[in-house]
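Colleague: Below is one structure. I have some questions about it.
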Amino acid sequence: MTIGQMIKLYRKEKNFTQGQLAELIGVSTQAISKWETDAGMPDISQIVPLAKVLEVSTDKLLGHTDEDYERELKTVRSCLGGINLINDVEKAAKLYDISLRFFNKYPDVPDVALCCLECYIELFFKKKLDVQHKTFLEECERYSNSIFRYENNPDNICKTYYLMARAYDLCGETIKAEGFMQNLPYIYGDREYWEAEMAYADGKYDIALEKIKKSFALKARFVARSIRLAARITRQQNESGAKEKCIALNEYMLRIIEAFLSGGEYLPHRQIFQKTSLLLALVKENAELGNKEKALMHMQDLYETRDRYFDFLDSSEGRHCLMFIEGDTDGFWDSTREDINERVAMAEEAIKQFN
Numbered sequence: 191m192t193i194g195q196m197i198k199l200y201r202k203e204k205n206f207t208q209g210q211l212a213e214l215i216g217v218s219t220q221a222i223s224k225w226e227t228d229a230g231m232p233d234i235s236q237i238v239p240l241a242k243v244l245e246v247s248t249d250k251l252l253g254h255t256d257e258d259y260e261r262e263l264k265t266v267r268s269c270l271g272g273i274n275l276i277n278d279v280e281k282a283a284k285l286y287d288i289s290l291r292f293f294n295k296y297p298d299v300p301d302v303a304l305c306c307l308e309c310y311i312e313l314f315f316k317k318k319l320d321v322q323h324k325t326f327l328e329e330c331e332r333y334s335n336s337i338f339r340y341e342n343n344p345d346n347i348c349k350t351y352y353l354m355a356r357a358y359d360l361c362g363e364t365i366k367a368e369g370f371m372q373n374l375p376y377i378y379g380d381r382e383y384w385e386a387e388m389a390y391a392d393g394k395y396d397i398a399l400e401k402i403k404k405s406f407a408l409k410a411r412f413v414a415r416s417i418r419l420a421a422r423i424t425r426q427q428n429e430s431g432a433k434e435k436c437i438a439l440n441e442y443m444l445r446i447i448e449a450f451l452s453g454g455e456y457l458p459h460r461q462i463f464q465k466t467s468l469l470l471a472l473v474k475e476n477a478e479l480g481n482k483e484k485a486l487m488h489m490q491d492l493y494e495t496r497d498r499y500f501d502f503l504d505s506s507e508g509r510h511c512l513m514f515i516e517g518d519t520d521g522f523w524d525s526t527r528e529d530i531n532e533r534v535a536m537a538e539e540a541i542k543q544f545n
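Those letters in the sequence shown? Residues 191 to 545, per the working numbering, in order.
Printed below as a string of structure tokens:
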């Protein structure tokens, strides 16, 4: 059930009219009507007053039954792990179906709403949806409203601004698209950076340092993305020497990642994922071109990276880093032992021709 349906259910159980409920929580009758018909959603600040007046827990009002909710959310998130700007239409269709079913029951979980938005836009772009522009944009707004209302992660908020800009651009509404793009932070001062500046000005140096490290971590990720995209474009152009150019770009990205990882003994999982994936690509690309010496060199680097990372996982206490957050906030997606061992095995298969 949606939040609106839950409000209506518990309002009727209390024998309140819409007007009576509106008066008790300090909103208009029209607001209650919009919530109950899912034409709008209560602000997060109104959830607690609503729950108190209706004499239910906030979880119950939001449609959460602990056991079912936790089980379903775990199942959904196990499918979402590591998605990033989806461009595979089959994957988008599968993820959209899974996440939409959950979102319709629990529209207050922002990472699921973000998956719905991302997949829905990709399906529209690939002409897999038979919907008019108006319907498409209304559905995008439904997902983005949930994200903007409940999300605290600035990365996901920025990604939502980008996705909404893309949605409006796809429909030819360039002015609205530009409005969303203007909400994206500039590289010289994202939100974390300016919060660090304010904390520094207030003498809160520990907070300022934590904020600036988070800002740096985001920029490190985006630099790697830029180089990766350049390689993808070069590969798609398929001009003379494209494979060699891709290798050169990947080697450049490897040097960047090595710089990120050289700031201490703490190893950010996301950078390890990037490095092992990149080394696999370099082994395969050089093997395809018959570059035995380079393929074997990158294979050795992959072995050493794997061993160093596994050593870190076995003994992470006391490890430190100059410019990343100790304890890691980037998750373990695609950087488990199994994932890395699989990449090593694929690389070993690629160089069998040299044995």
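Cβ coordinates follow ideal geometry from the N, Cα and C atoms, glycine included.
With a 10 Å radius around its C-beta and 16 neighbouring C-beta atoms as the bar for buried, classify Arg291 as buried or exposed.
Modeller: Exposed is the call here.
Colleague: Measure the alpha-carbon distance for Gly272 versus Val243 and round it to whole angstroms.
Modeller: Below a pLDDT of 50, predicted positions are generally treated as unreliable, and Gly272, at 48, falls in that range; the measurement from the model is reported next regardless. Near 40 Å, if we compare the C-alpha coordinates of Val243 and Gly272.
Colleague: Rounded to whole angstroms, what is the Cα-Cα separation between Ala391 and Cys511?
Modeller: Taking the straight line from one Cα to the other gives about 24 Å.
Colleague: For Gly480, is the classification buried or exposed, using 16 other Cβ atoms within 10 angstroms of its Cβ as the cut-off for buried?
Modeller: With fewer than 16 other Cβ atoms within 10 Å, it is exposed.
Colleague: Just curious, the alpha helix (DSSP H) that Gln464 is in, first and last residue?
Modeller: Residues His459 to Glu478.
Colleague: What distance in whole Å lies between the Cβ atoms of Ala414 and Met443, which are believed to be in contact at a cut-off of 8 Å?
Modeller: Confirmed, Cβ separation roughly 6 Å.
Colleague: Grab the span of the alpha helix (DSSP H) containing Ala229 for me, first residue to last.
Modeller: Element bounds for Ala229: n/a, residue is neither H nor E.
Colleague: Tell me whether Gly454 sits in a helix, a strand or coil according to DSSP, three-state version.
Modeller: If DSSP states are grouped into helix, strand and coil, Gly454 belongs with the strands.
Colleague: Throw me the rounded Cβ distance for the Gln461 and Leu451 pair, which I believe falls under 8 Å.
Modeller: At roughly 6 Å, the Cβ-Cβ gap stays under 8 Å, so Gln461 and Leu451 are in contact.
Colleague: Helix, strand or coil for Cys511 per DSSP?
Modeller: In this structure, Cys511 counts as strand in the three-state DSSP scheme.
Colleague: Do Leu439 and Thr466 have their C-beta atoms closer together than 8 Å?
Modeller: Result no, Cβ atoms of Leu439 and Thr466 do not sit closer than 8 Å.
Colleague: If you count every other CB in all the chains shown that lies within 10 Å of the CB of Thr350, and 16 or more means buried, which is it?
Modeller: Buried, since its Cβ has 16 or more Cβ neighbours within 10 Å.
Colleague: Please identify the residue among Phe326, Gln372 and Glu363 whose C-alpha is closest to the C-alpha of Cys348.
Modeller: Of the candidates Phe326, Gln372 and Glu363, the one whose C-alpha sits nearest the C-alpha of Cys348 is Gln372.
Colleague: Quick one, are the C-beta atoms of Leu408 and Leu353 less than 8 Å apart?
Modeller: Against a cut-off of 8 Å, the Cβ pair of Leu353 and Leu408 comes out as no contact.
Colleague: Do Tyr358 and Leu319 have their C-beta atoms within less than 8 Å of each other?
Modeller: Taking 8 Å as the Cβ cut-off, Tyr358 and Leu319 do not qualify as a contacting pair.
Colleague: Let's test the definition: count the other Cβ atoms within 10 Å of the Cβ of Gly177 and tell me whether it reaches 16, buried, or not, exposed.
Modeller: This structure cannot settle anything about residue 177, because the visible part of the chain is limited to 191 through 545.
Colleague: Among Arg332, Phe315 and Asp249, which one has its Cα closest to the Cα of Ala229?
Modeller: Comparing Cα positions, the closest option is Arg332.
Colleague: Using the Cβ count rule (16 or more neighbours within 10 Å means buried), how would you classify Gly194?
Modeller: Buried, since its Cβ has 16 or more Cβ neighbours within 10 Å.
Colleague: Run through DSSP, which three-state label would Phe292 get?
Modeller: Helix, per DSSP.
Colleague: Considering only the beta carbon of each residue, do Leu263 and Val299 sit closer than 8 Å?
Modeller: Cβ distance < 8 Å, so Leu263 and Val299 count as in contact.
Colleague: Since Val164 contacts Glu312 with CB under 8 Å, what's their CB separation in whole angstroms?
Modeller: Outside the modelled stretch of the chain, which goes from 191 to 545, sits residue 164, for which no answer is possible.
Colleague: Should Ala303 and Phe293 be called a contact, given that it needs their Cβ atoms to be closer than 8 Å?
Modeller: A contact, by the Cβ cut-off of 8 Å.
Colleague: Please state whether DSSP places Gly194 in a helix, a strand or coil.
Modeller: Looking at Gly194 - three-state DSSP - the assignment turns out to be helix.
Colleague: Just the C-alpha distance for Phe370 and Ala355, rounded to the nearest angstrom, thanks.
Modeller: Roughly 5 Å separates the two Cα atoms.
Colleague: Assign Phe326 to one of three DSSP states: helix, strand, or coil.
Modeller: Helix at Phe326.
Colleague: Which word fits Lys324, buried or exposed, when buried means at least 16 other C-beta atoms lie within 10 angstroms of its C-beta?
Modeller: Exposed: under 16 other Cβ atoms inside 10 Å.
Colleague: Nearest-angstrom Cα distance between Glu550 and Asn342?
Modeller: Missing from the structure shown is residue 550; the chain here goes from 191 to 545 and no further.
Colleague: Output yes or no for whether 8 Å exceeds the beta carbon distance between Arg496 and Ile530.
Modeller: Yes; because the gap between Cβ atoms is below 8 Å, this pair is in contact.
Colleague: Does DSSP classify Ser525 as helix, strand or coil?
Modeller: Ser525: coil per DSSP, three-state reduction.
Colleague: Quick check on the burial criterion: 16 or more other C-beta atoms within 10 angstroms. Buried or exposed for Val321?
Modeller: Exposed.
Colleague: Which term fits Trp384, buried or exposed, when burial requires 16 or more other beta carbons within 10 angstroms of its beta carbon?
Modeller: By the 10 Å Cβ count, Trp384 comes out exposed.
Colleague: In whole angstroms, what is the alpha-carbon distance linking Ala537 and His488?
Modeller: Going from the Cα of Ala537 to the Cα of His488 covers about 9 Å.
Colleague: If you count every other CB in all the chains shown that lies within 10 Å of the CB of Thr192, and 16 or more means buried, which is it?
Modeller: Buried is the call here.
Colleague: In chain order, what residues of the same chain lie with their CB nearer than 7 Å to the CB of Ile215, ignoring the 5 residues before and after it?
Modeller: Taken in chain order, the residues that qualify are Gln236, Pro239, Leu240 and Val243.
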